[in-house]
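One structure below.
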Amino acid sequence: MKHKRSLLALPYVGWMALFVVAPIVMVVVYAFTTAGFEPTASNFTGMGTYVSIFARSFQLALIATVICLLIGYPISYVMAKEGPGFQRVATVLIMLPMWVNFLLRTYSWMAILENNGLLNQLFDAIGLFDLINGLFGTDLTYFRMIRTQGAVVLGMVYNYLPFMILPIYSVILKLDRSLLEAAQDLGANSAYVFRRVIFPLSLPGVLSGVTMVFVPSVSTFAISRLLGGGTHMMLGDLIEQQFLGGAYNPHLGSAIALVMMLIVIVCMWVMNRFGQGEEQAVVL
Amino acid sequence: MKKQRRVGSRLFMALVFLFLYAPILLMVVFSFNAGNSNAVWQGFSLRWYEALFQDRSIMGSVYTTLLVSLLATLVATVAGTFAAVGLYSMRRRRRNALLAVNNIPMTNADIVTGVSLCLLFVAVFGFWNQFAANYRFTLNLFGTVYRITFPQLSLGFGTMLIAHITFNIPYVILSVGPKLRQMDGNLVDAARDLGCTWMGAFFKVILPEIKPGIISGALIAFTMSVDDFVISYFTAGTSVSTLAMEIYGMARRRISPEINAISTLLFVVVLALLAFHNIRESRAQRAAARRTY
Chain A
484 MKHKRSLLAL
494 PYVGWMALFV
504 VAPIVMVVVY
514 AFTTAGFEPT
524 ASNFTGMGTY
534 VSIFARSFQL
544 ALIATVICLL
554 IGYPISYVMA
564 KEGPGFQRVA
574 TVLIMLPMWV
584 NFLLRTYSWM
594 AILENNGLLN
604 QLFDAIGLFD
614 LINGLFGTDL
624 TYFRMIRTQG
634 AVVLGMVYNY
644 LPFMILPIYS
654 VILKLDRSLL
664 EAAQDLGANS
674 AYVFRRVIFP
684 LSLPGVLSGV
694 TMVFVPSVST
704 FAISRLLGGG
714 THMMLGDLIE
724 QQFLGGAYNP
734 HLGSAIALVM
744 MLIVIVCMWV
754 MNRFGQGEEQ
764 AVVL
Chain B
1231 MKKQRRVGSR
1241 LFMALVFLFL
1251 YAPILLMVVF
1261 SFNAGNSNAV
1271 WQGFSLRWYE
1281 ALFQDRSIMG
1291 SVYTTLLVSL
1301 LATLVATVAG
1311 TFAAVGLYSM
1321 RRRRRNALLA
1331 VNNIPMTNAD
1341 IVTGVSLCLL
1351 FVAVFGFWNQ
1361 FAANYRFTLN
1371 LFGTVYRITF
1381 PQLSLGFGTM
1391 LIAHITFNIP
1401 YVILSVGPKL
1411 RQMDGNLVDA
1421 ARDLGCTWMG
1431 AFFKVILPEI
1441 KPGIISGALI
1451 AFTMSVDDFV
1461 ISYFTAGTSV
1471 STLAMEIYGM
1481 ARRRISPEIN
1491 AISTLLFVVV
1501 LALLAFHNIR
1511 ESRAQRAAAR
1521 RTY
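What follows is the structure, given as structure tokens:
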């Protein structure tokens, strides 16, 4: 009977073969062929010209991930200490912005960061520019914020912060209280308990949060287009151009996508190994 | 000391929420702006709402977004629930292998999922269209001659829907799976012993047991669909566009403040639904509490 029930998964297995596995096979095939479908490795060997784009993407995504972690971890920790009613409201408040499409929210940031945008108006109103100009003899009338790499990082942090908070929060929430009490009974102060018990046990949440922020950040193209003004090309922009943009070459695009995928998989694998090691150390 | 720390942590949280909500608040405020700036307030007006309702392309894209999200959520929830039940009655090794494949769309970057599906659709449609252009036949039925041709296919709503279903199902399985694991397997056996058919056991025993997982799976699926831009962008072709694609297209020229108005409306709808849900839930909880005490 149990076998009969497992047949229920059959349609989905077929669906996965068609729409998950086959598309990835297509990417691999395209990556290793020319426009005439002759086998080649030139898509990869010619990638050296894009090293700076790879470097920039990974650098910006890494910065965004670290900032998300620095904001997200304390928030999750503090939230997990609150009462259940507060927690429910806070969780909803964190998820709520996701129901407004992320491009809408990013678009709103454009208006805030413009040279004559709201943030510069605010700085002007509180006399920040006068102060700086008086101190340094400059004649600033605005900070250039939009169309910079900083704006792109801000966009990433803003959009993906909930993906860092929610997994960490849910892991901390499920921590076994008796472990903490045991540590305290054995004379550990609260900093020590955090360092040796809470933080190691929350690592699975941190790892999944890091993945969920890093992967979309490194591959974004909409955020860099809207907030970076298209001046700081990222991997996502590069891939998008090969498929729908002017530089139409899906074979090169597939190769870049494949390399990006592999780098991300390797990063995640290394991190997971590292994380599991930590976890085991705690159990031992 | 403790109280101080509590105030500090509350303040920190308030700042983060300010960061999360400032852009949304600004959109709401400037949707009522009389001028067309997003930074200078020129008085109250409803002109952007008026313009919005007459703007066919934006309203059409909102309709497309909602339709594709609802349909994809519906299909993914049903298919994902059945698939999860199937997967969790398999042997562990086979299940884990299939779950690993199931995880691919979730761990892959959106752009990789979008691009790979785009390649598949374009290739398959390329073959099909060649076939359709070369093969046509006539059918003589009771003296009337029907000329049968195969339609030419291209990227559009259908392909976008397939893509959405594909990236939604894993989330449903992920949230139904744990409920299935928690479920007492003997329940199904008991139902069967008492004469239930296995479909009956599915609907009367398994389904009520995993219902919370199904609901939260559907909710996540819908959220992902509404929030998606990248995968739609690569699989929708040029004939249809979602709201996000519409904005992305506008960003090259100038984004109309009508976008503020539609965002505000969508946000208000979400808030209302949420409030409704919360009120109902707390009522149900209170009722349950009354029953137990």
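If you read the protein sequences in the order shown, they are chains A and B. Here the first sequence is numbered in our numbering, starting from 484 and rising by one per residue. Here the second sequence is numbered in our numbering, starting from 1231 and rising by one per residue. Even for Gly, the Cβ is constructed at its ideal location relative to N, Cα and C.
The C-beta separation of A:L718 from A:S702 comes to about 6 angstroms, placing the pair in contact by the 8 angstroms criterion. At a beta-carbon threshold of 8 angstroms, the residues of chain B lying near A:W582 are T1453, V1456, D1457, L1496, F1497 and V1500, ordered along the chain. Proximity to B:A1448 across B:V1331, B:A1420, B:R1513 and B:L1301 peaks at B:L1301, based on C-alpha coordinates. Proximity of the stretch 1405 to 1420 of chain B to the stretch 1435 to 1444 of chain B meets the contact definition, three or more beta-carbon pairs being nearer than 8 angstroms. For B:N1370, the beta-bridge partners assigned by DSSP are B:V1375.
Annotation: Cβ neighbours of B:G1316 in chain A (cutoff 9 angstroms, chain order): R488, S489, L490, L491, A492, L493, P494, Y495 and V496.
Cα atoms of B:R1422 and B:D1414: separation of roughly 14 angstroms, rounded to the nearest angstrom. A direct Cα-Cα distance of roughly 17 angstroms separates B:V1258 from A:L596. The count of Cβ pairs closer than 8 angstroms, one atom from the stretch 1287 to 1304 of chain B and one from the stretch 627 to 644 of chain A, stays below three, leaving the stretches out of contact.
By the Cβ criterion, the stretch 544 to 560 of chain A is in contact with the stretch 685 to 692 of chain A, since at least three pairs of Cβ atoms, one from each stretch, lie closer than 8 angstroms.
Runs of the alpha helix (DSSP H) spanning 4 or more residues and lying entirely within the stretch 1377 to 1433 of chain B occur at 1387 to 1412, 1415 to 1423 and 1428 to 1431, in chain order. B:A1244 counts as exposed, since fewer than 16 other beta carbons sit within 10 angstroms of its beta carbon. When DSSP states are grouped into helix, strand and coil, A:F606 belongs to the helix group. For the C-beta of B:Y1478, the chain A residues within less than 7 angstroms are, from N- to C-terminus, L586 and A705. With a cut-off of 8 angstroms on Cβ pairs, the stretch 647 to 654 of chain A is in contact with the stretch 568 to 584 of chain A, counting three or more such pairs. With fewer than 16 other Cβ atoms inside 10 Å of its own Cβ, B:M1429 counts as exposed. For the stretch 621 to 681 of chain A, there is no continuous beta strand (DSSP E) assignment of 3+ residues that stays within its boundaries. In the DSSP assignment, A:Q570 falls within the alpha helix (DSSP H) that extends over P567 to M578. Residues of the stretch 1316 to 1339 of chain B with a C-beta less than 8 angstroms from any C-beta of chain A: G1316, L1317, S1319, M1320, L1328, V1331, N1332, I1334, P1335, T1337, N1338 and A1339, listed in chain order.
In chain order, I722, Q725 and F726 place their CB closer than 7 angstroms to the CB of A:G736, counting only its own chain and leaving out the 5 sequence neighbours on each side. For the pair B:T1389 and B:Y1376, the CB atoms are not nearer than the 8 angstroms cut-off. In this structure, DSSP gives B:P1487 a state outside helix and strand, which the three-state scheme calls coil. Burial of A:P733 is indicated by the presence of at least 16 other C-beta atoms within 10 angstroms of its C-beta. Looking at the backbone, the Cα of B:N1266 and that of B:S1486 are separated by about 8 angstroms. A direct Cα-to-Cα measurement between A:F585 and A:I550 gives close to 19 angstroms. Within a 10 Å sphere around the beta-carbon of B:R1236 sit fewer than 16 other beta-carbons, which makes this residue exposed.
Distance from the CA of A:Y625 to the CA of A:S535, rounded to the nearest whole angstrom, comes to 30 angstroms.
DSSP, read as helix, strand or coil, puts B:T1465 in helix.
Within the stretch 681 to 693 of chain A, no residue places its CB atom closer than 8 angstroms to a CB of chain B. Inclusion of B:S1291 and A:R488 in the CB contact set at 8 angstroms is not warranted, their separation being larger than that value. Taking a Cβ-Cβ cut-off of 8 angstroms, B:M1429 has no neighbours in chain A, whose nearest Cβ is about 10 angstroms from it. Among the bridge pairs identified by DSSP, A:P522 is matched with A:T516. For A:L491, there is no enclosing alpha helix (DSSP H), as DSSP gives it neither H nor E. Interface flag for A:W752 against chain B is unset, since no Cβ pair is found closer than 8 angstroms. Here the C-alpha atom of A:D668 lies approximately 44 angstroms from the C-alpha atom of A:G638. B:G1316: member of the alpha helix (DSSP H) spanning R1286 to L1317, first to last residue.
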